[in-house]
Structure formats: C-alpha cells, structure tokens
Amino acid sequence: MTETKGPRRIGRPPKSGAYSLTYQDEFLGNHPELRGYLLSMREGWILCLGPTEADLSAQQVCLIDRATNILQRIRVIEGYLDKYGLLNRAALERKSLEAEPILSVYSTLNNSLLKILALLGIGKKGKERILGLDEYIVQKDRERAADTPVEVGELEDDKTKEET
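Counting from 203, one number per residue, gives the positions in the sequence shown under the numbering used here.
Below, the structure is given as structure tokens:
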C-alpha cells in the first residue's frame with residue numbers, strides 16, 4: 203500500500219497582511235490601541251441592541267462578531283493606506299497612475315459592514331419632527347395643564363355641571 207500525502211509546500215510561509223490577520227491574537231497583541239477600539243465598538247453595538255450579550259439572539263451575536271472582524275480588517279487597510287498612500291508604488295515607477303489594489307477590498311469590506319449594521323438595525327432612529335411655533339405653544343400648554351394639580355372639589359363641580 204502506498205500512502206498519499208498532500209501537496210508539498212515549497213518556500214517560506216506567507217507573511218502578507220492577510221496572513222497576519224489569520225493570527226488575530228498575535229496581531230492584536232502587537233496593536234493594543236486597535237484591540238481597545240474593537241472591544242469598545244463591540245461593547246457599544248451590544249449595548250445598542252440589548253443591555254447585555256445574554257439578551258441578544260445567536261444571530262445578533264454572530265453578526266456583531268463578524269462586524270468586529272470586518273472592522274479590524276478595515277482599520278488595518280486604513281493604516282496601510284495612511285503609511286503608503288493610495289497610489290500603487292510599482293505603477294508609479296512605470297510612470298502610470300494606478301490605485302492600490304487593496305482599495306477594492308477596502309470598498310467591499312465597508313459595504314459589508316454597512317449591510318451588517320443595517321441588518322442589526324443599528325443607526326436607525328426615527329427623525330424628530332420639528333414643531334412649528336404654534337404647535338410648540340399648544341404642546342407646552344397641554345404639558346402645563348397636565349402638570350397642574352386638580353383638587354377634589356373641582357372634580358365634583360365638573361360632574362355636577364355634566365349632569366345638568
């Protein structure tokens with residue numbers, strides 16, 4: 203019998219930015235400010251949907267975790283673009299203006315994050331209606347009338363007026 207082995211890997215292991223993202227604990231350990239930001243965003247999303255994580259459904263928790271993961275990748279790409287710029291350096295050497303290829307991934311990740319947040323219902327708040335001056339005065343008069351205490355004698359007088 204012959205044993206079949208998987209394909210033999212040749213060369214060094216990949217060390218791209220995507221590779222480092224697969225080892226999140228190692229990556230986030232080296233970037234505590236990013237870890238803190240992601241944790242605060244996750245806690246904020248949980249607080250928006252329910253006071254605790256136990257109040258959320260499994261689907262909501264899964265979507266929040268996915269959104270946090272996507273946000274991490276977005277922030278790493280933003281850091282790369284801040285450091286190296288939007289233009290492809292290799293293309294510039296050839297005297298050609300081309301954007302970094304990572305921008306398409308960046309755009310896709312942003313759209314995915316927006317869709318997840320829309321699914322969760324985060325950010326949906328009803329617009330407050332702006333009252334006109336007349337409506338405002340009427341509303342305040344109603345609030346003042348509701349706040350004034352009513353004495354027992356006044357209630358009896360109202361009942362006798364209605365009977366006559």
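Note that CB positions come from ideal geometry on N, CA and C, so glycine has one too.
*What residue range is occupied by the uninterrupted alpha helix (DSSP H) comprising residue 293?*
Taken as a continuous stretch (DSSP letters only), the alpha helix (DSSP H) holding residue 293 covers 291-295.
*If you draw a straight line from the C-alpha of residue 334 to the C-alpha of residue 348, how long is it?*
Approximately 21 Å, taken between the alpha carbons.
*asked:* Extract the residue ranges of the alpha helix (DSSP H) inside the stretch 229-266, only unbroken runs of 4 or more that lie entirely within it.
replied: Entirely contained in the stretch 229-266, the alpha helix (DSSP H) runs reaching 4 residues are, in chain order, 234-251.
*Output the distance between the C-alpha atoms of residue 266 and residue 343, rounded to the nearest integer angstrom.*
Computed Cα separation, rounded: 45 Å.
*Just checking my contact of residue 368 with residue 315 at CB under 8 Å: how many whole Å lie between their CB atoms?*
This structure does not reach residue 368, given that the chain is present from 203 up to 366, and the question cannot be answered.
*asked:* Starting from residue 345, trace the alpha helix (DSSP H) in both directions and tell me its first and last residue.
replied: In the DSSP annotation of this structure, the continuous segment of the alpha helix (DSSP H) that includes residue 345 starts and ends at 335-349.
*For residue 319, the first and last residue of its enclosing alpha helix (DSSP H)*: For residue 319, the enclosing alpha helix (DSSP H) covers residues 304-322.
*asked:* By DSSP's criteria, residue 301 is part of a beta bridge. Which residues make up the other side?
replied: According to DSSP, which records beta bridges pairwise, residue 301 is partnered with 289.
*Measure the C-alpha to C-alpha separation of residue 252 and residue 258 and round it to an integer number of angstroms.*
Straight-line measurement puts the Cα of residue 258 at about 6 Å from the Cα of residue 252.
*Can you name, in chain order, every residue of its own chain whose Cβ lies under 7 Å from the Cβ of residue 243, other than the five neighbours on each side?*
Around residue 243: 270, 273.
*What distance in whole Å lies between the Cβ atoms of residue 268 and residue 318, which are believed to be in contact at a cut-off of 8 Å?*
Sure, about 6 Å apart at Cβ, within 8 Å.
*Inspect the beta-carbon positions of residue 370 and residue 276 and report whether they are closer than 8 Å.*
Past the boundaries of the shown model lies residue 370; the chain is included only from 203 to 366, so the question cannot be answered.
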